[in-house]
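Participant: Sharing a structure, written as structure tokens. Questions coming.
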Amino acid sequence: MFKTFVGPVEDAASIAYLRPETAQGIFVNYANVQTTMRRKPPFGIAQVGKSFRNEITPGNFVYRTREFEQMEMEFFVPPEDGEKWFKYWCDERMSWYTDLGIAPDTLRLRQHETSELSHYSSGTADVEFMYPWGWGELEGVANRGDYDLRKHAEFSGQDLSYFDQEKDLRYVPHVIEPAAGADRATLAFLLSAYSEEEVETAAGKTETRTVLRLDPRLAPIKVAVLPLSKNEQLVPVSAEIASALRPHWMIDVDVSGSIGRRYRRQDEVGTPLCVTVDFETLEDRCVTIRERDSMAQERVAIADLVAWLRDRLPL
């Protein structure tokens, strides 16, 4: 754990430890959430927040750091359903990564050997990704049993059991815990999306195109609006289109440099679609939409633009 001191004096009375995980805060509030939300197992409590570990050898960019963003869920289930839900969340977490664009052949689910298991765990599996330096853990899914709630009940004196009226049975819920590092996941998505390819320019030369093939749901900018030039007639139309799109998506308006260079800039940051305003737009009120991965272009009426994009982008 990460030891520190609270206040100006470093003495035994001011020693504190930064949390190594978000899980314990969830367990402390389990009874409040279960009662106020009127939840019956199975149900989960999820949290995203900072965790701290006094790593001996931090490294590999953001893969191993002393401060990191953690995504955890404690999923409370009846004791007899623990194994079923453990398998369910292993499958779901693998699907989450592949659905967002990570290639299945760069992922694996590795079951822990008995000698690797934590003292509270009856089963743990790691979702691992093939990083440039080899296989590394993205997240772990653990069957923690009833260890946590029993320990909190023991030391707090609070009854954390649940009474199932339908079964006329009282039990302490078992916990299935998917725990992921947001920083590690971000790095995996970036590594999976990054690509370089040789393309031919309009001048007939070959150049390297760098593309970040992010799933549109992950792309920070969904649409870029690009006037063909800084022409005083094109820029106002671009501003009009940007105003119409901005309530729906995060957009970027780029007017500096050649249109080819601006396309390349958007490719490099993963923008899925570029809307180009050209001189024909002034006549027919249509724009050219360029798709990032294929570089295919399509002409769309400005009046239909929001509907066209809505069919292809997350809101």
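Under our numbering, think of the first position of the sequence shown as 2, with each following residue one higher.
Beta carbons: idealized from backbone N, C-alpha and C, even for Gly.
1. May I ask you to report which of helix, strand or coil DSSP gives glutamate 121?
2. When the Cβ atoms of the segment 172 to 181 are set against those of the segment 207 to 216, are three or more pairs found closer than 8 angstroms?
3. Note down the Cα distance separating methionine 131 from threonine 107, rounded to an integer number of angstroms.
4. Answer with yes or no whether the minimum CB distance from leucine 283 to chain D is below 7 angstroms.
5. Quick check on the burial criterion: 16 or more other C-beta atoms within 10 angstroms. Buried or exposed for proline 228?
6. Assign threonine 115 to one of two classes, buried (16 or more other C-beta atoms within 10 Å of its C-beta) or exposed (fewer than that).
7. Among Arg65, Trp309, Asp100 and Pro43, which has the Cα closest to the Cα of phenylalanine 87?
8. Buried or exposed: where does tryptophan 90 fall if 16 or more other Cβ atoms within 10 Å of its Cβ makes it buried?
9. Within this structure, are the beta carbons of threonine 23 and glutamate 75 separated by less than 7 angstroms?
10. Starting from valine 239 and walking both ways along the alpha helix (DSSP H), at which residues does that stretch end?
11. Ignore the nearest five residues each way along the sequence and tell me which others in threonine 125's own chain have a CB closer than 8 angstroms to its CB.
12. By the 10 Å Cβ neighbour count, where 16 or more other Cβ atoms means buried, how is tryptophan 250 classified, buried or exposed?
13. Which first and last residues belong to the alpha helix (DSSP H) in which aspartate 253 is found?
14. Buried or exposed for lysine 231, going by 16 or more other Cβ atoms inside 10 Å?
15. Nearest to valine 238 by alpha carbon, out of Arg311, Arg286 and Pro79?
16. Suppose you measure from the CA of alanine 304 to the CA of arginine 39; what does that come to, to the nearest Å?
17. Given a threshold of 16 other Cβ atoms within 10 Å of its Cβ, counted over all protein chains shown, does aspartate 100 qualify as buried or as exposed?
18. Can the beta-carbon of serine 52 be found closer than 7 angstroms to that of glutamine 25?
19. Go through its chain and collect everything with a Cβ distance to arginine 256's Cβ below 7 angstroms, but skip five positions before and after it.
Facilitator: Quick look at the numbers:
1. For the record, residue 121 in the displayed sequence is tyrosine; it is not glutamate. Tyrosine 121 sits in coil when the DSSP states are folded into three classes, being neither helix nor strand.
2. Contact between the segment 172 to 181 and the segment 207 to 216 is absent, because fewer than three Cβ pairs lie under 8 angstroms.
3. Rounded to whole angstroms, methionine 131 to threonine 107 spans 5 angstroms at the Cα level.
4. Of the chains in the structure shown, none is chain D; there is only one protein chain.
5. With a 10 Å radius around the Cβ and a threshold of 16 neighbouring Cβ atoms, proline 228 comes out buried.
6. Around the beta carbon of threonine 115, a 10 Å sphere encloses fewer than 16 other beta carbons of the protein chains shown; the residue is thus reported as exposed.
7. Shortest Cα-Cα distance from phenylalanine 87 to any of Arg65, Trp309, Asp100 and Pro43 involves Pro43.
8. Per the 10 Å Cβ criterion, buried.
9. When the beta-carbon positions are compared, threonine 23 and glutamate 75 stay at least 7 angstroms from each other.
10. In the sequence as displayed, the identity of residue 239 is serine instead of valine. Residues 235 to 246.
11. Listed in chain order, the non-local C-beta contacts of threonine 125 below 8 angstroms within the same chain comprise Gln112, His113, Glu117, Leu118, Ser119, Gly141, Val142, Ala143 and Asn144, local neighbours out to five positions each way being set aside.
12. Burial is judged here by how many other beta carbons sit within 10 angstroms of a residue's own beta carbon; tryptophan 250 has at least 16 and is buried.
13. Here aspartate 253 belongs to no alpha helix (DSSP H); instead the beta strand (DSSP E) covers 252 to 254.
14. That one is exposed.
15. Closest option to valine 238, Cα to Cα, is Arg286.
16. Between alanine 304 and arginine 39, the C-alpha separation is close to 47 angstroms.
17. Flag for aspartate 100 reads exposed.
18. By the CB criterion at 7 angstroms, serine 52 and glutamine 25 fall outside the cutoff.
19. Looking at the sequence provided, one finds valine at residue 256 rather than arginine. Setting aside the 5 residues that flank it on each side, valine 256 is surrounded in the same chain by Pro228, Lys231 and Val236, each with a C-beta closer than 7 angstroms to its C-beta; the list follows chain order.
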